[in-house]
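Per the working numbering, the very first residue in the sequence shown carries number 923; after that it's consecutive.
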Amino acid sequence: MKADPTNPETNPYEMACRQLERSAELIGLDSELVDYLKVPDRVLTVKVPVRMDDGRIRVFVGYRSQHCGVRGPYKGGIRYHPNVTMEEVIALSMWMTWKCALVDIPFGGGKGGVRVNPKELSNSELERLTRRFTTAIMPIISENRDIPAPDIYTDSQTMAWMMDTYSVYKGYTVPGIVTGKPVELGGSLGRESATGRGVAIITRESAKAIGSTIKDASIAIQGYGNVGYWAAKTLSEMGARIVAVSDSRGGVINWDGLDVDALARYKRETGSVVDFPGSEPISNENLLKLKVDVLIPAAIGGVIHGDNMKKIRARMIVEAANGPITPEAEEHLNRKCELVVPDILANSGGVIVSYFEWVQDLERYFWDLDRVNRELERVLVKAFRDMIVTRQEFGRILWRDAAMVIALRRVIESLRLRGLWP
Ligand code: GLU
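So this is what it looks like as structure tokens:
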């Protein structure tokens, strides 16, 4: 199913609004407040002209959406992807508001993106694109106002360029302007692995919650980028069996379990997991339909939808990507699976350690890895328990709705205390 902007099933902004309406109804929220939260505080559209290596100029379009700053500075990633649209960026910034509130860190939701296929650009073209985009959004970012981070097809090098560009303009180094930086430049230990590690911690807690264990659980992961890899690595350290993984070119399966590090090395060398020795091929679509204990969609949005939802056979689904399940499919799977953990909880490890990174940058005092991982564990386990308790309060609602209710209550309380002015 292709993303269709007029279809509420696949338009991410419509999806986000529908989720908001559903949880607002559960707590009897005024429609005025729902309307308030549907609209982002601010969205900036920018032109990003880039001189290509051959001397020609190509013009890209970028966005930064700041959804709701009532709990603190806006926070969220920047993605480089050919399908980036303003609506998608707004939806993603709304999800960041809920994500930060759910895990109770003092940020509001932000998100940015450039509509570009980064695989077509050389490294120096990417650097120029990043620096120009940073310059274009400078009027609305600062370390106390809006703090970008990596997202799809951006990484610690992208953040290093952003931090450098911003700092050169300011005339002094401002490490806290972005998170997900290289450790050498004020990044946090454990940030690179944080999102995947968080996915693993949440998967372990989910297994416990359904009276099972992560030990020897069979797990299929769609996506073997940063999040997919670190989730696979941490889960296999916990004793789980990673039976199938995929990337944009295809997938591999071995029911005895894949060697996740050998696979990562193979992908680095060949550019893909496809044809990994000792495995059988499997398509991205068929990976989703495997009868496994846990399915982890860790690639892009909208991959589980009305057309394939009936074929999903996993006991549990943990949403590592942002928005991998459409609302229709989510309702179906919440009836069928034992647990479906929403993205705003499952992938929040990244922004949680981003918060730790920002705190370390502001204090110029850095933590050891053990402390980072310990505090990540504490925040995540608490948020998971909050979700389970809140769901019990309402009966058999969607797990997403339980998570959303927690987030919404916190955001609404901050709004109420601050008031509307002028
Ligand atoms: N892009 C990540 C997310 O969607 C991380 C955001 C951040 O660290 O600010 O949660």
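Glycine included, each C-beta is placed from N, C-alpha and C at the ideal position.
Under 8 Å, do residue i and residue j count as touching if we go by C-beta distance?
| i | j | result |
| --- | --- | --- |
| S1270 | G1120 | yes |
| V1195 | G1179 | no |
| W1017 | N1295 | no |
| P1028 | G991 | no |
| A1221 | G1102 | no |
| A1139 | V1263 | no |
| I1000 | G1035 | yes |
| R1235 | L1255 | no |
| G1112 | D1283 | no |
| M1084 | T1052 | yes |
| G984 | V968 | yes |
Just curious, the beta strand (DSSP E) that residue i is in, first and last residue?
| i | result |
| --- | --- |
| C1259 | Counting along the chain, C1259 falls outside any beta strand (DSSP E), and DSSP gives it neither H nor E. |
| S987 | I979 to C990 |
| S1374 | Residue 1374 lies beyond the stretch modelled for the chain, which goes from 923 to 1344, so this question has no answer here. |
| M1238 | M1238 to V1240 |
| Y1002 | Y996 to H1003 |
| K1021 | Counting along the chain, K1021 falls outside any beta strand (DSSP E), though it belongs to the alpha helix (DSSP H) covering M1008 to L1024. |
| G1173 | G1172 to I1175 |
Give the straight-line distance between the Cα atoms of residue i and residue j, rounded to the nearest whole angstrom.
| i | j | result |
| --- | --- | --- |
| R964 | L1342 | 16 Å |
| F1306 | D1026 | 12 Å |
| N1005 | F982 | 12 Å |
| G998 | R1340 | 23 Å |
| P962 | I1012 | 7 Å |
| Q1079 | L1261 | 36 Å |
| E1009 | V1327 | 23 Å |
| I1226 | R1286 | 43 Å |
| T1312 | I1074 | 31 Å |
| W1321 | N933 | 21 Å |
| I1071 | V1105 | A quick correction: the sequence has Ala, not Ile, at residue 1071. Approximately 14 Å between the Cα atoms of the pair. |
| I1059 | M1081 | 14 Å |
| S1158 | K1137 | 9 Å |
| Q941 | D1292 | 36 Å |
| Y1151 | M1231 | 25 Å |
| L1335 | Q1314 | With the sequence shown as reference, residue 1335 is identified as Glu, and Leu is not the correct amino acid for it. Rounded to the nearest angstrom, the two C-alpha atoms are 22 Å apart. |
| A1131 | A1162 | 16 Å |
| R1050 | A1154 | 33 Å |
| L959 | M1238 | 31 Å |
| F1198 | V956 | 49 Å |
| D975 | T1056 | 20 Å |
| N1148 | P1344 | 44 Å |
Please indicate yes or no: does the CB of residue i lie closer than 7 Å to some heavy atom of the ligand GLU?
| i | result |
| --- | --- |
| V1273 | yes |
| P1040 | no |
| T1359 | Given a span of 923 to 1344 for the chain in the structure shown, any question on residue 1359 remains unanswerable. |
| A1153 | no |
| A1071 | yes |
| K1021 | yes |
| S1115 | no |
| S1276 | yes |
| G1120 | no |
| G998 | yes |
| N1148 | no |
| N1244 | yes |
| N898 | Residue numbering for the chain in the displayed model covers 923 to 1344; residue 898 lies beyond these limits and cannot be assessed. |
| K1269 | What sits at residue 1269 in the sequence shown is Asn, not Lys. Under cutoff, so the answer is yes. |
Alpha helix (DSSP H) containing residue i: first to last residue?
| i | result |
| --- | --- |
| L1185 | V1182 to T1192 |
| R1293 | L1291 to F1316 |
| L1330 | W1321 to R1340 |
| I1274 | G1271 to E1285 |
| P1072 | Not the alpha helix (DSSP H): P1072 falls in the beta strand (DSSP E), residues D1068 to P1072. |
| E954 | S953 to K960 |
| R993 | That residue, R993, is in no alpha helix (DSSP H); it is neither H nor E in DSSP. |
| T1080 | S1078 to K1092 |
Counting Cβ pairs, one atom from each stretch, are 3 or more of them under 8 Å apart for the stretch 1057-1071 and the stretch 1039-1048? no
Cβ contact check for the stretch 1201-1208 and the stretch 1171-1178: 3 or more pairs under 8 Å: yes
Taking 8 Å as the threshold, find out whether the stretch 1092-1102 comes into contact with the stretch 1066-1075 through three or more Cβ pairs. yes
Does the stretch 936-953 come close enough to the stretch 1324-1333 to have 3 or more Cβ pairs within less than 8 Å? yes
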